[in-house]
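First up is the structure itself, then whatever we jot down about it.
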Amino acid sequence: MRYLLCTALCLAALPVHAEDARTPLTLTASEAAAVREEMRGFLEGVQAITSGLADNDMKAVAKAARGLGMSGANHVPMSLRMRLPMEFKEMGRATHMGFDTLAIDADGLGDAGHSMKQLSETLQNCNACHASFRLETKPK
Ligand code: HEC
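Reminder that position 23 of the sequence shown reads as 12 in the numbering used here, one-by-one numbering, no gaps.
What follows is the structure, encoded as structure tokens:
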């Protein structure tokens, strides 16, 4: 009884966000896997950038940031690119371009504080897109 009461209270305390307000993007399972793989690459790159910043190794920062730049964005298959909403593509593009700028400045200025500010600004694109979209898979 005490357990049941606790469960009821805990459920009542959960935020009432049952509805997911993010726009679903309906992709095939392999397209969704490709998007998620790119995402994990973003996070790995961000980790490498912060590690370089912590060591004040600006060459490592530039290298990791360049890997997340526009040159990597072209791997998205055209068939998928055609179906992504413009807003999604723009946020993706702004993210890749932010990393390119970060790479150029890390090389040219070698100023960790400046690079950290740029990283923080670029990460806002991640948050903005995550707040707006979610993936949904459709059967092939
Ligand atoms: C243009 C949109 C967009 C941008 C920009 C974006 N993401 Fe994502 N990301 C998504 C979507 C959509 C998902 C899937 C969310 C869901 O279905 O709940 C996702 C999922 C992820 C995941 C989970 C991957 C998995 O294997 O499940 C990680 C990690 C992630 N993003 C990291 C990042 C990081 C770090 C950045 C910025 C450097 C970033 N993302 C930028 C749209 C974006």
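From the three backbone atoms N, C-alpha and C, an ideal C-beta is built for every residue, glycine too. These figures come from a predicted structure and were not determined experimentally.
What does the alpha-carbon distance come out to for the pair residue i and residue j?
i: A95; j: G102; result: 10 Å
i: F88; j: F31; result: 10 Å
i: K127; j: R25; result: 15 Å
i: N116; j: E8; result: 19 Å
i: D44; j: S104; result: 13 Å
i: K48; j: K106; result: 17 Å
i: G99; j: I38; result: 13 Å
i: L42; j: G97; result: 15 Å
i: P74; j: S68; result: 13 Å
i: D46; j: S40; result: 8 Å
Excluding the five sequence neighbours on either side, which residues of its own chain have a C-beta within less than 8 Å of the C-beta of residue i, listed in chain order?
i: H85; result: L57, G58, M59, G61 and A62
i: P13; result: F122, R123, L124 and E125
i: R70; result: K78
Check whether the Cβ of residue i lies closer than 7 Å to any heavy atom of ligand 1, and answer yes or no.
i: G41; result: no
i: H123; result: Checking the sequence, you will find Arg at residue 123 rather than His. It does: the Cβ of R123 is within 7 Å (strictly closer) of some heavy atom of ligand 1.
i: N45; result: no
i: T15; result: no
i: M59; result: no
i: V65; result: no
i: H103; result: no
i: R55; result: no
i: T126; result: no
i: V133; result: No answer is possible for residue 133: it lies beyond the span of the chain, which begins at -10 and ends at 129.
Beta-carbon within less than 7 Å of residue i's beta-carbon, same chain only, minus the 5 sequence neighbours each way: which residues are those?
i: N114; result: M80, A83, T84 and G87
i: H64; result: none
i: L91; result: A54, S104, Q107, L108 and T111
Using the rule of at least 16 other Cβ atoms within 10 Å of the residue's Cβ for burial, across every protein chain shown, is residue i buried or exposed?
i: E76; result: exposed
i: A51; result: buried
I'd like the list of long-range same chain contacts for residue i, defined as Cβ closer than 6 Å, with 5 residues on each side in sequence excluded.
i: G34; result: A53, G56 and L57
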